[in-house]
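Notes for the one structure printed next.
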Amino acid sequence: MVEPKGLEFWLFLALLLLLLLFDPSYTIQVCYVFLVDAMCLPCYLLEELHSKKIKQKTQLSVLTTLDFHSSFHLFATNLSGFCNKSSNIINNMKFVTLWVILFRVFVSMVDASDSLLSPKGVNYEVAALMSMKGKMIDEYHVLDGWDINSVDPCTWNMVACSSEGFVISLEMASTGLAGTLSPSIGNLGRLRTLLLQNNALSGPIPAEIGKLTGLETLDLSSNQFVGEIPSSLGFLTHLSYLRLNKNKLSGDIPGPVANLTGLSFLDVSFNNLSGASPKIRAKDYRITGNNYLCPSSSSLSCVNAPKVANESNSNKQVDNRHRWIVSVTLGVICTFVASIMVLVCGVHWYRSRLICTSYVQQDYEFNVGHLKRFTFRELQVATGNFSSKNILGQGGFGVVYKGCLLNRSFVAVKRLKDPNLSGEIQFQTELEMISLALHRNLLRLYGFCLTSDERLLVYPYMPNGSVADRLRESGRETPILDWNRRMHIALGAARGLLYLHEQCNPKIIHRDVKAANILLDENFEAVVGDFGLAKLLDPRDSHVTTAVRGTVGHIAPEYLSTGQSSEKTDVFGFGVLLLELITGQKALDTGNGQVQKGMILDLVKTLYEEKRLHVLIDRDLKGCYDEQELEKAVELALLCTRAHPTCRPKMSEVMKVLESITGQPCNLDEPQTGPTPQRDGRSFSFSRSNGDTREGSSFIIEAMELSGPR
């Protein structure tokens, strides 16, 4: 079958032959004059642009990226200059016909140089990627594997391709890249995912990104981009995830971007945007941190907003003479071009059907936000074929393995067992919950793998393990957790739970807060993990009735007896966690020789009333702790573990008490709701009259893990 570009070429030759048959001498004369004028075409164009004082760089760069319609408009706009120089030829109808045909062939050739990849080669994509590399400053040499002599970029680092060999994903986040983003990014026509967050890229965002009509995920957050948000992003109708936050962007939010109905999430927060905010149609969006951005519903005018110079020439008056010439020219050639356009559109429509059919035949892909989708083979190689030597932990939902990806980064891979119907529902729940909950004290989901018989989740690897590991590990190769660090861990866990309870909409209940589910990063910062038991809470309800899931010793009484859970269920679990940090023991096994095995809560209540709290302290601390801080911490733990949920404090109140213990100021970014607890130690006195002293004793049973660390 003749390709579209070749079809137009043969059509041109056929028409040229027809002219030769009817009038050979005239045709030769016209071709000669036409070639002379065509050679002067760049000079005429530059002269016209210079006389109008148009920005040459912008216009010349546009010439190489415009499609046929835009190229024709530019041609018609500048036609008057050529008419003045070749009026004796333009008036000839036969020459106009020949000019239009050859111009269309020229535009087709320009368009062909910027076309998508052919399945037989990826030279154009290699050139685009190498242009991007040339504009970037690669201090850490992460792009060293990108080679201009390569014909297959699919083997390059951070590049992913479709089954047909087209580049569909660039995942270059957190790689230390600087410099600028090349406009050649627009030549990767099949790109679906572009992740460049957490780098040091600067300069404007290329408008050519608007050519990536198949783009689904775009993340340019946490860089140093300047200038306005390109309105061409409004052409990305398939875009579902757009993050431009934490840059230095100015101007207003373009209407076409705000009107993208397919957006699931839009984040333009913490920039220098100004003007009135348009109505944003995204399902979820964030615009905070833009001091001069006014809500569209606000009755106040944006008088303090800095005025951004409009660099476009849309308000310039169009020269009447040019308008008349364009109208006449369009009228003359419209009938002739119409027939050519019908043929070209027909061929393009046929080829688009072939492309759409090939997409349908590809494997089913399930994308959630900016999560990375791994193949099962990738994770199999990363974990050494899921070797038992790489097991980090086991739980009720599966086994966690340590893995090393091809980019030498370590991850934790949770392999869910029994991926039946309920497992699939659980898998999707974890994906949705964890991908939407973003906080420094919450475990971030990095990616996933979904096959017909496998469900796997990929998390960042926490080098210091869990709090349970650090409190009860037998070896002493690593330093113990001192008192100040333990209180800091408790504060971090409280902040993470506070985010789940009061900043997520709808709210999220963890339902299994324990030391094994509090992980420690490289800086010993607490990271709340395991959202497998998380339950969405409708804002209108105070609790939810469901099957009891959790770890005995950490489960609140009302949850264990009635199956009703709420935010106060997590508060109870946090109170037990705080006691574990103080004693260094499990919730159901004190193991310090003072009493028999049993529930740690009963022991704490007894020793608190006997004012013998020094017996509780973990022996590994060797007496290095503050007695007043110990008393406040124990009183807080007893408040959190009261029998009736309404008597327990909120996590916001818990966090304030911990801040008073650690001496850290209140974080203004965290929600501060509810009354502030008194910081006097006596205000937290625990009395037998509240009925808690003996109620907890009914839950002294053998330790039984209903779900372990995942």
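Under mature numbering (1 follows the signal peptide of the UniProt record, and there is no 0), the letters of the sequence shown match residues -27 to -1, 1 to 683, in that order. All residues carry an ideal CB built from backbone N, CA and C; glycine is no exception.
- Task: State whether the stretch 486 to 495 contacts the stretch 429 to 438, with contact taken as three or more CB pairs (one from each stretch) at a distance under 8 Å.
- Result: yes
- Query: With DSSP run on the structure shown, which of helix, strand or coil describes residue 245?
  - Reply: strand
- Query: Tell me which same chain residues have a C-beta within less than 6 Å of the C-beta of residue 116, skipping the five on either side of it?
  - Reply: 106
- Could you tell me the boundaries of the alpha helix (DSSP H) in which residue 546 lies? 540 to 556
- Task: Could you give the DSSP three-state label for residue 486: helix, strand or coil?
- Result: coil
- Closest Cα partner of residue 231 within the set 190, 557, 255 and 609: 255
- Member of 118, 192 and 548 whose CA lies at the smallest distance from the CA of residue 147: 192
- Item | residue 367 - containing beta strand (DSSP E), residue span | 364 to 368
- Query: Apart from the five residues just before and just after residue 34, which ones in its own chain have a Cβ nearer than 8 Å to its Cβ?
  - Reply: The pLDDT assigned to residue 34 is 41, lower than 50, so where the model puts this residue is not dependable; a value taken from the coordinates is nonetheless given after this. Correct list, in chain order: 156.
- Are the Cβ atoms of residue 546 and residue 468 separated by less than 9 Å? no
- Query: For residue 578, does the count of other Cβ atoms within 10 angstroms reach 16, so buried, or fall short, so exposed?
  - Reply: buried
- Query: Terminal residues of the continuous alpha helix (DSSP H) containing residue 532?
  - Reply: 530 to 535
- Which runs of the beta strand (DSSP E) spanning at least 3 residues fall entirely within the stretch 146 to 194, listed in chain order? 150 to 153, 166 to 168, 173 to 177 and 190 to 192
- Item | Option nearest residue 215 by Cα separation, candidates 233, 198, 200 and 174 | 233
- Under a Cβ-count criterion, where at least 16 other Cβ atoms within 10 Å of its own Cβ denotes burial, should residue 372 be classed as buried or exposed? buried
- Query: Does DSSP put residue 115 in a helix, a strand or coil?
  - Reply: coil
- Beta-carbon contacts of residue 210 that lie in its chain and below 8 Å, excluding the five residues immediately before and after: 186, 233 and 235
- Task: With DSSP collapsed to three states, give me the class of residue 603.
- Result: helix
- When 177, 190 and 123 are compared against residue 142, the one with the closest alpha-carbon: 190
- Measure the alpha-carbon distance for residue 238 versus residue 257 and round it to whole angstroms. 5 Å
- Beta carbon of residue 352 nearer than 9 Å to that of residue 267: no
- Message: Strictly by DSSP, which residues pair up with residue 492?
- Response: 439 and 500
- Query: So what's residue 615 in DSSP terms, helix, strand or just coil?
  - Reply: coil
- Task: Taking all protein chains shown into account, decide if residue 318 is buried (16 or more other Cβ within 10 angstroms of its Cβ) or exposed.
- Result: exposed
- Query: How big is the Cα-Cα spacing for residue 182 and residue 304?
  - Reply: 34 Å
- Contact check, residue 240 vs residue 218 under 8 Å by CB: the rounded distance? 4 Å
- Task: With a 10 Å radius around its C-beta and 16 neighbouring C-beta atoms as the bar for buried, classify residue 527 as buried or exposed.
- Result: buried
- Message: Restricting to Cα atoms, I'd like to know which of 551, 134 and 300 is closest to residue 444.
- Response: 551
- Message: Rounding to the nearest angstrom, what Cα-Cα distance links residue 712 and residue 208 in this structure?
- Response: In this structure the chain extends from -27 to 683, so residue 712 is not present and cannot be described.
- Query: Using the C-alpha atoms, what's the distance from residue 179 back to residue 206?
  - Reply: 10 Å
- Task: May I ask you to report which of helix, strand or coil DSSP gives residue 97?
- Result: helix
- Task: Assuming residue 168 and residue 144 form a contact by the criterion Cβ under 8 Å, report the distance between their Cβ atoms to the nearest whole angstrom.
- Result: 5 Å
- Item | Under the three-state DSSP convention, the category residue 110 falls into | strand
- Length of the line joining the Cα atoms of residue 540 and residue 418: 23 Å
- Query: Quick one: Cα of residue 368 to Cα of residue 594, how far?
  - Reply: 30 Å
- Message: For a test of the three-state rule: what should DSSP assign to residue 219, helix, strand or coil?
- Response: coil
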